[in-house]
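These notes concern the structure reproduced below.
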Amino acid sequence: MSKKLINYVSNLVRNPYLILRKFYTLIKISKKLLFFPINFILFISIILISKFKLIRVCKIKSDWVGEFVMRTEVYFQEKNYFKKNTIDILVLSEYISNEFFLEKIKSKSILFPSIFLDLFYLFNFYSKKFPYLKKHIAMREDQGKDILQLLDSNKVFFDITKDEILKGKEILRKNVKTDYKGIVLLCVRNEGYNKSFFKDHNWDHYNYRNYSFEDFIPAANYLADMNYLVLRMGKYNSNEIGTKNKNIIDYSNENWRSDFMDYFLGYECDICITTHTGMDCFARL
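So that you can map any letter, position 139 of the sequence shown is 236 in the numbering used here, and since no number is skipped, the others follow by simple counting.
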């Protein structure tokens, strides 16, 4: 037995989680191989059918909430604006960053699970060799950019409903016991989300985008003293906020934090302070 193999086995013994991870990876690869013939048949069928009806495919980047929300909203705005009479197949990524927003999308369209991503990858790959296949790709690479400024002039496609507003206000009333004149969302990017959900990746190249929440405490205290309710947004913020001001709440670690409330608070807030992290997307919406 070679030294390299011995070290490999030793690592597995020391860290049983690696065995589970590799087993999970094997299952994923097996599923992809099993479904690839189906995806390839769909790929050929869509090309043949295009003589009668244009079918387009796109990948919904659901892993990160910022791209999930803004790319999808802008896509639907543009399709409506250009009155595209196409059948669009929307394929989800493997991970869903906001389950509530997913339900909003389901109410407007038909979604395909991630097992059909190879269908999108086939079109994406071959469209580089055969440009006429680009018509089958429904989204731009920079789909999150509202290049036509449609969000400024049109009603939000995934707008909030009256029932959702009432539900959100009731949750706030039950959980926030102070009187306040407005809500401020403080969206400070850190490494917690990526390291919690994508442990197999090295995110060091994004460290320059991370901030310390401590740097924002003076601003948070100032707004709280003006009787604003300041909410620290995000998922999986491990460090404490470092202030006892009753008007500053670490919403990210509250038991009433939810995918729905992330969405509702974007509607309800008066101010959103952000370091350009995905959690600001609902306020932008």
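Heads up, the beta-carbon is just placed ideally off N, CA and C, and yes, glycines get one too.
*In terms of residues, what are the limits of the alpha helix (DSSP H) holding Thr169?*
The residue labelled residue 169 in the question sits at position 72 within the sequence shown. Counted as a single uninterrupted DSSP element, the alpha helix (DSSP H) harbouring Thr169 occupies residues 162-179.
*Arg270 by DSSP, collapsed to three states: which one?*
Reading the sequence shown from its first residue, position 173 is the one you call residue 270. Residue state, collapsed to three classes: helix.
_Lys156 - partner residues in DSSP beta bridges_ = Looking up residue 156 in the sequence shown gives position 59. DSSP lists Val188 as partners of Lys156.
*Report, in whole angstroms, the separation of the C-beta atoms of Ile135 and His233, which I expect to be a contact under 8 angstroms.*
Within the sequence shown, the letter at position 38 stands for residue 135. Within the sequence shown, the letter at position 136 stands for residue 233. Their Cβ separation, rounded to whole angstroms, is 17 angstroms, which puts Ile135 and His233 out of contact at 8 angstroms.
*Hey, quick one: how far does the alpha helix (DSSP H) through Ile314 stretch, first residue to last?*
Numbered from 1 along the sequence shown, position 217 holds the residue referred to as residue 314. For Ile314, the enclosing alpha helix (DSSP H) covers residues 314-322.
*Do the CB positions of Tyr223 and Leu214 come within less than 8 angstroms of each other?*
Stepping through the sequence shown from its first residue, residue 223 is reached at position 126. Stepping through the sequence shown from its first residue, residue 214 is reached at position 117. The Cβ atoms of Tyr223 and Leu214 lie no closer than 8 angstroms to each other.
*Of the residues Tyr333, Phe133, Glu261, Met167, which one's Cα is nearest the Cα of Asn350?*
Sequence index remark: in the sequence shown, residue 350 carries index 253 (1-based). Cα-wise, what sits closest to Asn350 is Tyr333.
*Would a C-beta distance cut-off of 8 angstroms place Gly279 and Asp160 closer than the cut-off?*
Looking up residue 279 in the sequence shown gives position 182. Looking up residue 160 in the sequence shown gives position 63. In this structure, Asp160 does not lie closer than 8 angstroms to Gly279 by Cβ.
*Reference Ile268, options Asp243, Tyr277, Phe361, closest by Cα*: By 1-based counting over the sequence shown, the position of residue 268 is 171. Distances from the alpha-carbon of Ile268 to those of Asp243, Tyr277, Phe361 put Phe361 closest.
*asked:* Less than 8 angstroms between CB atoms is the rule here; does Val285 satisfy it with respect to chain D?
replied: Looking at the structure shown, chain D is missing, and only one protein chain is on hand.
*Count the other CB atoms, across all protein chains shown, that sit within 10 Å of the CB of Met98; report buried if there are 16 or more and exposed otherwise.*
On the sequence shown, residue 98 is found 1 positions in, with the first residue counted as 1. Caution applies to Met98, whose pLDDT of 49 falls short of 50 and renders its modelled position unreliable; the model cannot decide the point.
*Kindly provide the ranges of any beta strand (DSSP E) runs that are 3 or more residues long and lie completely inside the stretch 200-284, ordered along the chain.*
279-284, all fully within the stretch 200-284.
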